[in-house]
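Novice:
In the working numbering, the protein residues as written are 1351 to 1730.
1) Hey, how far is the Cα of residue 1401 from the Cα of residue 1490?
2) Count Cβ pairs between the region 1513-1524 and the region 1691-1711 that sit closer than 8 angstroms; are there 3 or more?
3) Tell whether a beta-carbon distance below 8 angstroms holds between residue 1472 and residue 1573.
4) Could you pull the start and end residues of the alpha helix (DSSP H) that residue 1426 belongs to?
5) Check whether the region 1501-1512 touches the region 1672-1691, counting contact only when three or more Cβ pairs, one atom from each stretch, lie closer than 8 angstroms.
6) Just how far apart, CA to CA, sit residue 1691 and residue 1647?
7) How should residue 1535 be labelled, buried or exposed, when 16 other C-beta atoms within 10 angstroms of its C-beta is the threshold for buried?
8) Given this structure, state the Cα-to-Cα distance separating residue 1492 from residue 1442, to the nearest angstrom.
9) What does a CB cutoff of less than 7 angstroms around residue 1571 pick up in its chain, not counting 5 residues either side in sequence?
10) What's the gap between the Cα of residue 1358 and the Cα of residue 1406?
11) Helix, strand or coil: which one does DSSP assign to residue 1368?
12) According to the neighbour-count rule (16 or more other Cβ atoms, all chains shown, within 10 Å of its Cβ), is residue 1580 buried or exposed?
13) From this set, 1475, 1637 and 1708, which residue's C-alpha is nearest residue 1665's C-alpha?
14) Would you call residue 1592 buried or exposed, if buried means 16 or more other Cβ atoms sit within 10 Å of its Cβ?
15) Using the three-state DSSP reduction, which class does residue 1717 fall into: helix, strand or coil?
16) Assuming contact is defined by CB atoms lying nearer than 8 angstroms, are residue 1632 and residue 1645 in contact in what I supplied?
17) Kindly list the residues whose CB is nearer than 6 angstroms to the CB of residue 1474, restricted to its own chain and excluding five residues on each side of it in sequence; keep chain order.
18) Measure the CB-CB distance between residue 1488 and residue 1464 and report whether it falls below 8 angstroms.
19) Which whole-angstrom value describes the C-beta separation of residue 1642 and residue 1608, a residue pair presumed to lie in contact below a C-beta threshold of 8 angstroms?
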């Protein structure tokens, strides 16, 4: 059994959490700030693995924050904490804590499941002059803890992502299940996923150049990206509690949706810092996207690009796209991940199998830890 030590909120003095007096030799003062809409009479505790005595600052006036601290030995490699309210444990995975640092956590207690909502039943785009449904998967705790802002993923082919009954193919990506399971295990951050539905012009909207093999398909991809960046994203940011920096904004798609995801990120790296291209249609337009990648700037420190394909697919040239990004400085394991799934096909079930890994790489669990509310504002 993992040892835990607990301290109720009434037990200590505030001076301990300020570092005055200095921590005992061989220890570092570690502070955890618990952010939650607190009520009078709530009893808050913090438990950790390994177990330490977490002392609470009882003189902090902020009713939405409980501040705890502990003297953590310098020999301790890793610490994880969980908040308790009235002896009820918070949901989700434990929070990792950096020894000697101040860490901010945002617990929730009601459910481990996220919630689907229709954000805009008929979102109109002036750029494309059409309408589409926009859904959102809100992570567990979104409604309960309004102090938390969340990273956001924009995904194409929205009707195929979360409900087989709505899917064009009858199969779904199971994105909602993957997000819930990843959050519960601590493998995925508490992300909002925006499901951008397709229209009757899907092919045209997902390609920014024409292809001689498809002479009847116009290139509306730049207008589609304009819709995402100039029309949809501002309204999502105004409607939901999002984090708006590039490292907190992802774009994911498959096939032509993977193609337009990479194109959007190359055009707007200040917007989309996390990119997922599953089985991208690199062949389109004489592999123009690989040429664009080879001419792109080196990645920023917070950039993450995921590219994959299945071994049973042909002529999508995903490896060529990954190699093009490698040629300009993308590094496997840091800014780039390329996957070839054994037995994988160009189908929803294959993409569903790979989705947990995509989410974990682009938005690893509890990545919001150690960020103060002021760092999670709606401003970029």
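Ideal Cβ placement from N, Cα and C applies to all residues, glycine included.
Only a predicted model underlies this, so the values are computations on that prediction, with no experimental measurement involved.
Specialist: If we stick to the structure as given:
1) Taking the chain shown and counting its residues from 1, one reaches residue 1401 at position 51. Taking the chain shown and counting its residues from 1, one reaches residue 1490 at position 140. Straight-line Cα distance between these residues: approximately 27 angstroms.
2) yes
3) Position 122 of the chain shown, counted from the start, is the residue given in the question as residue 1472. Position 223 of the chain shown, counted from the start, is the residue given in the question as residue 1573. No, these two residues do not count as a Cβ contact at 8 angstroms.
4) Here residue 1426 refers to the residue found at position 76 of the chain shown. Note, residue 1426: premise wrong, no alpha helix (DSSP H); not H, not E.
5) no
6) Counted from its first residue, the chain shown places residue 1691 at position 341. Counted from its first residue, the chain shown places residue 1647 at position 297. In a straight line, the C-alpha of residue 1691 is about 28 angstroms away from that of residue 1647.
7) Against the chain shown, residue 1535 aligns to sequence position 185. Exposed, since its Cβ has fewer than 16 Cβ neighbours within 10 Å.
8) On the chain shown, residue 1492 is found 142 positions in, with the first residue counted as 1. On the chain shown, residue 1442 is found 92 positions in, with the first residue counted as 1. When rounded, the distance between both Cα atoms is 13 angstroms.
9) As a working note, residue 1571 is residue 221 in the chain shown. Taken in chain order, the residues that qualify are 1555, 1556, 1557, 1558, 1610 and 1613.
10) Here the question's residue 1358 lines up with position 8 in the chain shown. Here the question's residue 1406 lines up with position 56 in the chain shown. The predicted model places residue 1358 with a pLDDT of 36, which falls under 50 and marks its position as unreliable, so this point remains unresolved.
11) Counting from 1 along the chain shown, the entry for residue 1368 is found at position 18. Here residue 1368 sits in helix by DSSP.
12) In the chain shown, residue 1580 corresponds to position 230, counting from 1. It counts as exposed.
13) Against the chain shown, residue 1665 aligns to sequence position 315. For the residues 1475, 1637 and 1708, the minimum Cα distance to residue 1665 belongs to 1637.
14) The residue you call residue 1592 lines up with position 242 of the chain shown. Buried, by the Cβ-count rule.
15) For the purposes of this step, residue 1717 is taken as residue 367 along the chain shown, with counting starting at 1. For residue 1717, the predicted model reports a pLDDT of 49, less than 50, meaning its position is unreliable; a value from the coordinates is still stated below. Of the three classes helix, strand and coil, the one that applies to residue 1717 here is coil, per DSSP.
16) Sequence index remark: in the chain shown, residue 1632 carries index 282 (1-based). Sequence index remark: in the chain shown, residue 1645 carries index 295 (1-based). Contact flag unset, no.
17) What you label residue 1474 is simply residue 124 of the chain shown in a count that begins at 1. Once the five neighbours on either side are set aside, the close Cβ partners of residue 1474 are 1481.
18) To locate residue 1488, count along the chain shown from 1; it is residue 138. To locate residue 1464, count along the chain shown from 1; it is residue 114. Going by C-beta atoms, residue 1488 is nearer than 8 angstroms to residue 1464.
19) Taking the chain shown and counting its residues from 1, one reaches residue 1642 at position 292. Taking the chain shown and counting its residues from 1, one reaches residue 1608 at position 258. Rounded, the Cβ-Cβ distance is 14 angstroms, inconsistent with contact.
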